[in-house]
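Take a look at the structure below.
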Amino acid sequence: MPAPSRLRLGVNIDHVATVRNARGGYLPDPLRAARLAEAAGADGITAHLREDRRHIVDADIDGLMRELKVPLNFEMAATAEMVGIALRHRPHAACIVPEKREERTTEGGLDAAGQHNHLKPMVARLRDAGIRVSLFIEADPRQLEAAVVLGAPVVELHTGRYCELDGEPKRAELARLQKAAALCARLGLECHAGHGLSYGDVGPVAAIPEVRELNIGHFLIGEAIFVGLEPAIREMRRIMDAARAPETAA
Ligand code: PXP
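Under the numbering used here, read the sequence shown as residues 251 to 500, first letter to last.
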């Protein structure tokens, strides 16, 4: 088993925009949240420009690209419009996610295996522009192998199901994530994970040695209502670090 490397935390600020959009206008400002997240030690900011612009809007991406010091992970559907926007901004990373208009959040992983012909040229164009491409997929060996064939250097494993389950089914889903992360290492894929993670669920995922980055949003923004964004992020970071290296954590 490899020695665990430092685990990066990407903070997803979409739901600051959700609250803003509920009223219209400018407040609360997702860019301010991104700056606070940077100050709290986030290694990156994640933002999902959905086709229906229900949270992050185009001007937010302009502002994030202009002002962020940490890398932006641009989450996007596999559409010509989104590829065009990504190529115009050239964020550090682009994470391709499945998108359905009627869903509340990204419900499942991308079918990388079934959409080979559609995805292959998009992955190539993003990569050629120097953007680190990741595919948001289920912890399924078929999907991991498809990511390799598509030329994506990174996959993000969908942790939503793990977070929703309890007891034995949760342990089984964690084992599936662990196996997938180990397979990533064998296939030469960088392994990320995210979706639905909270203080209670993050530890076992953070402890998977092959996982290099977690992207976390909804829980942190919700927790920020009660304790503030910086303390929420610092606590998440502390739990991640403790899970990663229990013997050295404070
Ligand atoms: N990673 C990906 C690819 C996502 O689509 C999302 C949700 O937008 C997240 C991480 C963060 O999920 P959550 O907001 O549930 O923490």
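All C-beta atoms, glycine included, are put in the ideal place defined by N, C-alpha and C.
Using a Cβ-Cβ cut-off of 8 Å (strictly less than) and excluding sequence neighbours within five positions of residue i, which residues of its own chain qualify?
i	result
ALA327	ARG300, GLU301, ILE346, VAL347, PRO348 and GLU349
CYS413	HIS445, GLY446, LEU447, SER448 and ASP451
LEU424	TYR412, PRO454 and VAL455
LEU427	ALA389, LEU407, THR409, TYR412, ALA443, VAL455 and ILE458
Quickly, what does DSSP pair residue i with across the bridge? List them, please.
i	result
ASN271	None, per the DSSP bridge assignment.
VAL452	DSSP output for VAL452 lists no bridge partner at all.
ASN323	THR296 and ALA343
HIS408	GLY444
ILE387	LEU407
Under 6 Å from any heavy atom of the ligand PXP, does the C-beta of residue i make it?
i	result
CYS441	no
Given residue i, which residues of its chain have a CB within under 6 Å of its CB, disregarding the five upstream and five downstream residues?
i	result
PHE469	SER448
ALA431	CYS441, ILE458, GLU460 and VAL461
GLY401	VAL373
ARG258	ASP293 and GLU463
VAL383	ALA344, VAL373, LEU376, ARG377 and ALA402
For a test of the three-state rule: what should DSSP assign to residue i, helix, strand or coil?
i	result
LEU259	strand
ILE483	helix
LEU277	coil
ARG304	coil
LEU394	helix
ARG375	helix
ALA500	Here ALA500 scores only 47 on pLDDT, less than 50, and its place in the model is too uncertain to base an answer on.
GLU463	strand
ARG354	coil
Residues in its own chain within less than 7 Å of residue i by CB, not counting five upstream and five downstream?
i	result
ILE381	ALA336, ARG340, PRO341, ALA343 and ALA344
GLU473	ALA482
LEU314	LEU281, ALA284, ILE295, ALA297 and LEU322
VAL266	PRO278, PRO280, ALA283 and ILE471
ASP264	ALA297, HIS298, HIS305, ILE306 and GLY467
LEU433	PRO391 and LEU394
Point to revise | Any residue whose CB is nearer than 6 Å to a heavy atom belonging to the ligand ATP, listed in chain order | key: Among the ligands in the structure shown, the ligand ATP does not appear; only the ligand PXP can be found there.
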